[in-house]
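The structure appears below as structure tokens.
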Amino acid sequence: MTYQGYSYAWYYDGASSTNYRCSVYRRTGCKAKRFVTVTGTEVSGEHEPDCASDVRRPIGSSPTVVDWKDRMLLATDEIGLADVTLTPKEVWRQIRDKFYNDDGLLVQGASKKQILGRLYRTRTAHFGREVFGRIESEPLCSVRNRPGLKFFHFRFTYYEDEVQHRVIG
């Protein structure tokens, strides 16, 4: 869970609330905790100065809790397939900036590990395990500064003893 730049890790499910603590508490000794109830959230303790350097202090009323995990995973699929030139780190940054930037929301979403795993699985399912599947698709198969001209003049795929072979030229 991420809220106002701080990342919280789940540690306990109670009868009336779910409890989270600062995700870097083992490294920094931070004692900040967040209790999410049905009616809203409560905070216990202050964050240590070295938890996150670029954090803003909470301002205003209690935040709205949203579960955007499914939206984040679908957005990962869209971004990962729309532009195959993006590295996994760039895809993660786009997802993070799109979903975790609102200070008024307490986002329960996908972690970086889940996003990257989803990206790898989606690209593998769409393009295949070999790199040829990716370079045969736009924009990697186009000749630079020549719109409409493809790098490959022919592509041929065939199977021999249940092994897929490609002839590209």
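Going by this note's numbering, the first residue of the sequence shown is number 42, and it counts up by one from there.
Just so you know, even glycine gets a beta-carbon here, dropped at the ideal spot from N, CA and C.
Asked                                                                                                                                           : Found
Which same chain residues end up closer than 6 Å to W133 when comparing Cβ atoms and leaving out the 5 residues on each side of it in sequence? : K153 and I156
For T117, count the other beta carbons within 10 Å of its own beta carbon; 16 or more makes it buried, fewer makes it exposed. Which is it?     : buried
Between which two residues does the alpha helix (DSSP H) harbouring A73 extend?                                                                 : Per DSSP, A73 belongs to no alpha helix (DSSP H) and is neither H nor E.
When you compare only the Cα positions, how much space is there between E119 and R164?                                                          : 10 Å
With the cut-off set at 8 Å, would you say N60 and Y52 are in Cβ contact?                                                                       : yes
Using alpha carbons as the reference points, say which of C71, R62, C63 and F76 lies closest to A56.                                            : F76
According to the neighbour-count rule (16 or more other Cβ atoms, all chains shown, within 10 Å of its Cβ), is L115 buried or exposed?          : exposed
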